[in-house]
Amino acid sequence: FMMLTKKLIEIRSILLSIDHNETLKLPSIVVVGSQSSGKSSVLEAIVGHEFLPKGSNMVTRRPIELTLVHTPNSDEEYGEFPQLELGKVHDFKQIQRTLTDLNLAVSDAECVSAKPIELRIYSASIPDLTLIDLPGYIQISNRNQPETLKLKIEELCDKYIQEPNIILAVCSADVDLANSTALRASRKVDPMGLRTIGVITKMDLVPPSAGAAILRNSEYPLHLGYIGVVCKAPEDVDGNMTSALIRNEENFFRNKFEFNQRGVNVGTATLRRKLMNVLEQGMGRSLYSIVDAVQKELEEARYQFKVQYNDRRVTAESYVAETMDSLKHNFKEFALLFGKPQVRHEVRTMLEQRVLDICAETYWSDPKVSDLPKAASDDIYWLYKVDLASAALTKSGIGRSTTQLVVDILMNNMERLSAGEPFNYHNETRKQIASFTSEILRTKFLTTSDQVENTIKPYKYEVEVTDLEWQDGVKRTVALLEKELEMCDSMANTIKNAVGKTKLRGAIKFLLDSEREDQRRQERVRQQQQDGNTEPYIEYASLSDEEEAIKPLYNPKLLEKAREALFLRDRAMILKYRIAALKSRQCKTQENKQYCPEAFLNVIAEKLTYTAVMFIQVELLNEFFFQFPREVDNRLVYELDRQQIQRFARENPSIMKHLDLQERKGKLEDVMDKLNYLVRKQADRQARAKMG
Ligand code: GDP
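Under my numbering, the final residue of the sequence shown carries the number 1021; numbering is consecutive throughout.
And the structure:
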């Protein structure tokens, strides 16, 4: 009654999933044998199905961890690959194909891989067993099976035939046992044969007397002995082939007296029983040591869990919920801070910059601007200019650019929100956030920018300004120009410091001199042309000695800097004039707006700002603030299935460690409970045995 094996096999599977150091070992049966010794046939006879890869080439390239689960009350027979997501596989041909594919996935360069394929088979007609099928030993190396392959296989088998595993050494009856690599390997680790079972296959290929002689266990004695089998199933068996095979085998052994003697064991059924018994005993022997080992691991896991996490539990679900909550929380905080005044500030700053650009282009670079304060109030030149400048502002695509500005700020901010802990671990999610942020904003963009453009339309024709607005505008403009002046000065200083005061002054003087010289030359050319002289002015091409002497002193980069410094000096001077003009009586009232274009443009900019922000707020911001948290819920919380939640949580290394340790602890606790139950049962049984 194999209760222990069944329970311990369950436990073994759990331990396999958490034990990476291979310290928690429960016995398994490892099947070793030379190629073509009939290893696969024996395994298939035990399982009752053809399911192992076949072919003239060596096809077993990875160990197969085969767990047989006896399901007494079920007609269902199927396999499962716990490492793959295939579910139940009922077709054993399909299992065979999958194993073949997994084997072939090991590259030729690698030859064999030590990474086992896990396969579980569930059936009412199989015993509870764990078997490990290993690549067959190869005898002679050749071109297809080089020496390294031979060594690799031996190494792999050596790893598996260690304690506490039970070795099933498969040898063919028609090959001298002295030549059996399997037996030789087993003898090295188990000299007495205490955990080695010899299986002699192909008994039908040798005379019964010779076959029986091998099985008598005298030539190469094994404590657990030899069993002879004939594992050749009759052709074309549908479904479970065990009965047909066993009948065939029984027919072979039945009438031969050589096999019906004490000490001679034959038949697949006998082999199965033997395996069950040996494994059960092995499990029994391992029970107490595994209890100790699990206890130790469990204590360590509990200790770590306490020390590292103060016994705090996490789940992937709670991590996802917390992470998204904090995202929404941070978003809310941002939304509270990014209200109308902030948007207004951003839009105003952008439009003020545009005002400065327009002023620089239309006024400050106009040489006549110094005459502006003295111009007649009906001077068409300046009247026309101020209209031009205000049109340049109102028709500069305010709808698009202000909306785009706010969209950009929002995008940047969402990027910032999703860049910090713990989103730095969740790249995919970050991309998703960016993508639905831009999706929401994109759907709002056109309506918003159209709305803004429509509502500012009147300002393109006429701008009505109250006195208060005007005074306010003048004040702000003065401040703005003073800031601009400051910037000019600081840039000029930067150049001066970089180049050196004296050097810069020299270069500037050179520039001014040559400018003046140029003017003089042009003057002379003009003069000559007026005098009717058609000869070109040739002196123009050559430089004077003096000029030749200083020219190399000024490299183009230095002159470039000097030109910049000169420009800044001029600009600073103009700005000072303009600031003075804006502060003068002339600019006190808006009737004189042509004298104070900077202020007038700024007043318009302020009106544009108010109007634009009003609509951006309603059409874009409020919508976005409303929708974003909902999208977070929809796309990042509700839409995830269990697996995606797990994957998400495990992207964060510290959460992964936490979950792993917690899972390990949980599984060890579970295993410990199961083991304690088994220990009690075992003690009961021994007590009863003593009394009986
Ligand atoms: P493996 O390479 O060790 O897995 O060997 P296989 O199980 O593939 O068997 C090798 C060959 O021996 C196959 O052609 C089998 O049909 C044949 N074979 C296996 N067992 C027996 C047996 O008991 N009797 C006979 N006559 N042939 C067998």
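We put the beta carbon where it would ideally sit given N, CA and C, even for glycine.
- In this model, residue 368 and residue 763 are separated by some 58 Å (Cα to Cα).
- With a beta-carbon spacing of about 46 Å, residue 853 and residue 931 fall beyond the 8 Å limit used to define contacts.
- Leaving aside the five residues that flank residue 732 on each side, the residues in its chain whose CB is nearer than 7 Å to its CB run, in chain order, 774, 777, 778, 781, 945, 949.
- No Cβ-Cβ contact shorter than 7 Å links residue 397 with residue 340.
- In this structure, residue 411 sits near residue 447, with a CB-CB distance shorter than 7 Å.
- In terms of Cβ geometry, residue 928 and residue 802 form a close pair [threshold 7 Å].
- Residue environment analysis places residue 743 among the buried positions, since at least 16 neighbouring C-beta atoms fall within 10 angstroms of its C-beta.
- Between the stretch 916-926 and the stretch 711-719 there are three or more C-beta pairs closer than 8 Å, enough to call the two in contact.
- Between the stretch 692-711 and the stretch 739-754, the count of Cβ pairs shorter than 8 Å is below three; the stretches do not touch.
- For residue 674, the closest alpha carbon among the candidates 542, 937, 974 is that of 937.
- Across the structure, residue 989 and residue 634 are spaced so that their CA atoms are roughly 10 Å apart.
- The beta carbon of residue 630 sits closer than 6 Å to those of 993, 994, 997, all from its chain and outside the five residues before and after it, given in chain order.
- Contact check for residue 559 and residue 362: beta-carbon distance about 16 Å, past the 8 Å limit, so the pair fails to qualify.
- In its chain, beyond the 5 residues on either side, 789 have a beta carbon closer than 8 Å to the beta carbon of residue 720.
- As the crow flies, the alpha-carbon of residue 985 is around 19 Å from that of residue 343.
- Linking residue 522 to residue 514 through their CA atoms gives a straight-line distance of about 11 Å.
- The secondary-structure analysis by DSSP pairs residue 358 across a beta bridge with 460, 495.
- In terms of Cα proximity to residue 767, the closest of 452, 952, 492 is 952.
- Taking a C-beta distance under 7 Å as the contact criterion, residue 528 and residue 496 do not qualify as a contact pair.
- Between ligand 1 and the CB of residue 462, the shortest heavy atom gap is not smaller than 6 Å.
- Between the alpha carbons of residue 517 and residue 490 lies a gap of roughly 10 Å.
- Taking 6 Å as the cut-off, the C-beta of residue 560 counts as close to a heavy atom of ligand 1.
- In this structure residue 463 does not touch residue 761 by the C-beta definition: roughly 46 Å separates them, more than the 8 Å allowed.
- Taking C-beta separations shorter than 8 Å and ignoring five residues to either side along the sequence, the partners of residue 587 in its chain run 537, 538, 540, 541, 593, following chain order.
- Taking 7 Å as the cut-off, the beta carbon of residue 770 is found no closer than this to the beta carbon of residue 807.
- Pairwise C-beta distances place the stretch 371-390 in contact with the stretch 415-427, as three or more of them are shorter than 8 Å.
- The Cβ neighbour count for residue 338, taken over all protein chains shown within 10 Å, is at least 16; the residue is labelled buried.
- Distance from the CA of residue 623 to the CA of residue 346, rounded to the nearest whole angstrom, comes to 14 Å.
- Assignment of residue 406 by DSSP, reduced to helix, strand and coil, places it in the coil class.
- Cβ-Cβ distances below 7 Å link residue 680 to 934, 937, 938 in the same chain, with the five nearest sequence neighbours on each side left out; the list follows chain order.
- Using a Cβ distance threshold of 7 Å, residue 1007 and residue 336 count as a contacting pair.
- A check of alpha carbon separations from residue 443 across 454, 452, 431, 453 identifies 431 as the nearest.
- Under the three-state reduction of DSSP output, residue 699 falls in the helix class.
- Residue ranges of uninterrupted beta strand (DSSP E) with 3 or more members are absent from the stretch 886-940; none lies entirely inside it.
- When the Cα atoms are used, residue 547 and residue 626 turn out to be separated by approximately 44 Å.
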